[in-house]
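Step one of this worksheet: look at the structure below.
Protein chains: 2
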Amino acid sequence: MNLILLAPEEITHDRLARVRDPRRLAHLREVHRARPGDRLTLGVEGGGIGRGELLSLDEHEARFALEEMGQPPPPALPVHLVLALPRPRMLARSLEHVTALGVKRITLLHTRRVEKSYWMSPELAPQKIRTHLVLGLEQARDTRLPEVELAKGFRPFVEDRLPDLLKGRRGLLAHPGMPRACPRGIEDPTLLLVGPEGGFIPWEVERLLEAGCEGIHLGPRILRVETAVTALLSRLF
Amino acid sequence: MNLILLAPEEITHDRLARVRDPRRLAHLREVHRARPGDRLTLGVEGGGIGRGELLSLDEHEARFALEEMGQPPPPALPVHLVLALPRPRMLARSLEHVTALGVKRITLLHTRRVEKSYWMSPELAPQKIRTHLVLGLEQARDTRLPEVELAKGFRPFVEDRLPDLLKGRRGLLAHPGMPRACPRGIEDPTLLLVGPEGGFIPWEVERLLEAGCEGIHLGPRILRVETAVTALLSRLF
Chain A
44 MNLILLAPEE ITHDRLARVR DPRRLAHLRE VHRARPGDRL TLGVEGGGIG RGELLSLDEH
104 EARFALEEMG QPPPPALPVH LVLALPRPRM LARSLEHVTA LGVKRITLLH TRRVEKSYWM
164 SPELAPQKIR THLVLGLEQA RDTRLPEVEL AKGFRPFVED RLPDLLKGRR GLLAHPGMPR
224 ACPRGIEDPT LLLVGPEGGF IPWEVERLLE AGCEGIHLGP RILRVETAVT ALLSRLF
Chain B
44 MNLILLAPEE ITHDRLARVR DPRRLAHLRE VHRARPGDRL TLGVEGGGIG RGELLSLDEH
104 EARFALEEMG QPPPPALPVH LVLALPRPRM LARSLEHVTA LGVKRITLLH TRRVEKSYWM
164 SPELAPQKIR THLVLGLEQA RDTRLPEVEL AKGFRPFVED RLPDLLKGRR GLLAHPGMPR
224 ACPRGIEDPT LLLVGPEGGF IPWEVERLLE AGCEGIHLGP RILRVETAVT ALLSRLF
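Protein chains in written order, with the working numbering: chain A, 44 to 280; chain B, 44 to 280.
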């Protein structure tokens with residue numbers, strides 16, 4: 044927790060913030076070992092970043108006196124990530140990685156090799172997803188939550204949603220064996236598509252290429268989804 | 044397990060391989076759902092990669108008839124990674140990520156902000172470390188195990204070991220706030236140093252820069268060690 048992310052309703056008009064949830068209180072006590080008088084980095088959800096002085100901390104509440112909160116959050120990556128739904132634990136970690144890296148739009152997609160049971164996982168509950176996004180923001184000192192949408196059918200996604208997503212974006216399909224190596228240091232608005240463990244099936248690859256995506260690869264090594272997504276984002280941007 | 048990694052002693056002279064450990068047998072049965080007659084990708088530790096036909100599979104043993112095993116493993120990254128010892132779970136995942144990415148030399152280093160208790164973790168037992176390296180190799184279809192060494196003192200490492208490591212290698216110190224952005228797509232033999240959660244302390248940074256390392260950064264976002272290491276390796280090479 045390199046930043047304490049405050050919901051707007053946790054801030055009162057006299058520049059006082061009250062944090063009451065057990066997770067952040069435990070972290071302040073046990074990891075930060077914070078004491079009244081300490082100045083910590085805070086950010087307002089969707090807003091600015093600054094410092095606050097800890098006024099009091101007990102098991103029920105931490106109170107901060109906020110100072111200037113005008114620093115903007117770090118820049119976002121110009122990417123909309125379309126990720127075949129990973130298995131639940133991999134999903135949790137992948138959401139944290141990509142949020143920390145600065146992704147702001149995520150679509151979780153069904154593909155042939157996504158196990159149908161993954162769509163029933165409690166990890167997909169909005170509150171659970173939000174927990175992982177917040178962890179990523181707190182790690183990277185960011186305040187702007189990514190938007191996450193679910194696309195539970197591959198064909199409806201490709202036919203109804205993909206054409207709009209590709210307007211004004213460069214579509215990159217990351218898939219082993221594609222002819223072109225992943226480009227480096229691009230600045231274009233990008234739609235990045237990453238398949239599941241086991242990859243997209245050939246029919247899916249054909250549909251995505253037909254829709255206008257460029258196929259790219261990361262070399263001969265087969266990477267886990269969470270490693271591949273981090274490696275792709277870091278190499279691309 | 045995209046490759047079944049065979050120890051040399053698991054191969055008999057008649058090109059037969061026998062796999063008997065419960066982990067791989069369970070994976071073959073439950074994930075691959077392998078049946079006699081299936082042809083799977085196998086590799087010999089430190090050697091070549093090829094295919095083998097599954098002859099039999101029960102709870103005690105899988106037998107394979109090996110075919111041509113002459114394909115070389117994927118190229119290694121030209122890097123020696125020096126990583127401040129992460130907390131045990133992060134260590135396990137980081138070893139898997141960097142092994143999958145092709146790192147072959149890893150030094151785990153003590154620094155001021157590494158908790159001393161981490162050095163007592165059972166995760167540092169050679170057999171435990173090996174388990175994570177093997178998982179990384181199996182993921183990436185590689186056969187060559189990385190070497191992992193422990194450097195339990197920062198000052199002895201800098202004074203006695205670092206000068207030799209920097210002979211013929213470009214030293215890159217990844218640390219927030221360094222003046223230069225992480226370079227992209229280099230091919231130089233490299234020594235990459237990555238600090239702990241919380242970073243190297245200023246005294247450590249000075250010693251490493253004095254020794255000839257270049258300071259590089261990954262931007263304003265503070266990343267978890269496992270995310271940062273993957274992002275650095277992917278951007279550098």
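For each residue, glycine too, the CB sits at the ideal point set by N, CA and C.
### Chain-ordered chain A contacts of Ile265 of chain B [CB-CB under 7 angstroms]
Asn45, Gln182, Ala183, Arg184
### Query
What residues from chain A crowd round Pro226 of chain B, counting only those whose CB sits closer than 8 angstroms?
Under the 8 angstroms cutoff, chain A gives no residues; its nearest Cβ is about 10 angstroms from Pro226 of chain B.
### Distance, Thr150 of chain A Cα to Ser164 of chain A Cα
16 angstroms
### Task
Assign Arg78 of chain B to one of two classes, buried (16 or more other C-beta atoms within 10 Å of its C-beta) or exposed (fewer than that).
exposed
#### Entry: Distance, Asp203 of chain B Cα to Asp254 of chain B Cα
Here the sequence assigns Ala to residue 254 of chain B, which means Asp is not the residue at that position. The straight-line gap from Cα to Cα measures roughly 11 angstroms.
### Among B:Gln170, B:Leu134, B:Pro222, the one whose alpha carbon lies nearest that of Pro239 of chain B
B:Leu134
### Task
List the endpoints of the continuous alpha helix (DSSP H) containing Thr186 of chain A.
No alpha helix (DSSP H) contains Thr186 of chain A, which DSSP labels as neither H nor E.
### Message
Quick check on Arg223 of chain B: does DSSP put it in helix, strand or coil?
### Response
strand
### Query
Can you give the Cα-Cα distance for Pro206 of chain A and Arg250 of chain A, rounded to whole angstroms?
12 angstroms
### Task
Give the DSSP bridge partners of Phe107 of chain B, in chain order.
B:Ala60, B:Leu97
### Task
Measure the Cβ-Cβ separation of Glu104 of chain B and Arg61 of chain B and say whether it is below 8 angstroms.
yes
### Contact with chain B by Ser160 of chain A, beta-carbon distance below 8 angstroms
no
### Task
Might you give, ordered along the chain, the residues of its own chain that have their beta carbon closer than 6 angstroms to the beta carbon of Ala217 of chain B, omitting 5 neighbours on each side?
Val237, Ile259, Leu275
### Message
Rounded to the nearest angstrom, what separates Ser280 of chain A and Arg213 of chain B at their Cα positions?
### Response
Checking the displayed sequence, the identity of residue 280 of chain A turns out to be Phe instead of Ser. The alpha-carbon atoms of Phe280 of chain A and Arg213 of chain B are separated by roughly 23 angstroms.
### Query
What residue does the alpha helix (DSSP H) around Val272 of chain A start on, and which one ends it?
268-279
#### Entry: Beta-carbon spacing of Ala143 of chain B, Gly179 of chain B below 8 angstroms
yes
### Query
For a contact meaning CB atoms closer than 9 angstroms, what does Pro117 of chain B contact in chain A?
Gly262, Pro263, Arg264
### Message
Taking 8 angstroms as the threshold (beta carbon to beta carbon), is Arg223 of chain B in contact with chain A?
### Response
no
### Query
So is Thr270 of chain B buried or exposed if we call it buried at 16+ other beta carbons inside 10 Å?
buried
### Interfacial residues, the stretch 109-136 of chain B to chain A, with Cβ spacing under 7 angstroms
Pro117
### Query
Taking Cβ positions, are Leu109 of chain B and Arg58 of chain B nearer each other than 8 angstroms?
yes
### Query
In three-state terms, what does DSSP make of Gly145 of chain A?
coil
### Message
Contact between the stretch 84-95 of chain B and the stretch 111-124 of chain B is defined here as three or more beta-carbon pairs at a separation below 8 angstroms; is this criterion met?
### Response
yes
### Query
Which value, in whole angstroms, describes the spacing of the CA atoms of Glu88 of chain A and Pro51 of chain B?
56 angstroms
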